[in-house]
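Remarks on the structure that follows.
Residue numbers (full-length UniProt numbering): 1 to 140.
Structure below.
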């Protein structure tokens with residue numbers, strides 16, 4: 001194996017390890033554990049926040065509400081693609097709603113802090129929420 005290929009493989013493995021640790025922090029209603037993965041000046045965007053959220057303080061407020069409503073959801077890495085600034089990845093989530101479980105698939109763009117590759121500088125989340133909202137409406 002060439003040196004460059006070995007470096008890329010090591011980087012891929014490190015990114016996958018980091019991503020799995022981070023995804024595990026989304027389960028269990030522990031927003032302070034989750035926010036530790038983010039840089040102080042982070043930017044976060046998901047379908048519920050199309051304008052985005054800037055900074056850890058504001059993001060922690062959002063995570064506290066979000067994780068409280070979804071303490072038992074699970075996130076699974078499907079495939080990761082390293083980029084110059086971090087990685088993009090496809091994921092699967094299992095979201096319990098009452099006696100049902102919704103399976104959602106999506107993709108994130110993740111940029112890491114240049115000086116600390118274990119802090120997320122930018123995180124954009126993309127997925128179709130149609131099934132999620134349809135199931136919620138049935139429960140109301």
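Just so you know, even glycine gets a beta-carbon here, dropped at the ideal spot from N, CA and C.
{"Check": "6 Å CB neighbourhood of residue 74 in its chain, flanking five on each side removed", "Outcome": "27, 94"}
{"Check": "Nearest to residue 98 (by Cα), restricted to the options 90, 113, 72", "Outcome": "72"}
{"Check": "For residue 22, the three-state DSSP class (helix, strand or coil)", "Outcome": "helix"}
{"Check": "Separation of residue 119 from residue 92, as counted between CA atoms", "Outcome": "22 Å"}
{"Check": "Secondary structure, alpha helix (DSSP H): runs of 4+ residues fully inside the UniProt domain \"SnoaL-like\" (21 to 94)", "Outcome": "31 to 35, 56 to 69"}
{"Check": "Check whether residue 67 and residue 31 have beta carbons under 8 Å apart", "Outcome": "yes"}
{"Check": "Member of 126, 122, 128 whose CA lies at the smallest distance from the CA of residue 44", "Outcome": "122"}
{"Check": "Identified DSSP bridge partners for residue 122", "Outcome": "43, 111"}
{"Check": "Nearest neighbour of residue 13, chosen from 102, 134, 86, 29 [CA to CA]", "Outcome": "86"}
{"Check": "Proximity to residue 90 [Cα-Cα], best of 126, 53, 65", "Outcome": "126"}
{"Check": "DSSP bridge partner residues for residue 106 (one or two, in chain order)", "Outcome": "91, 127"}
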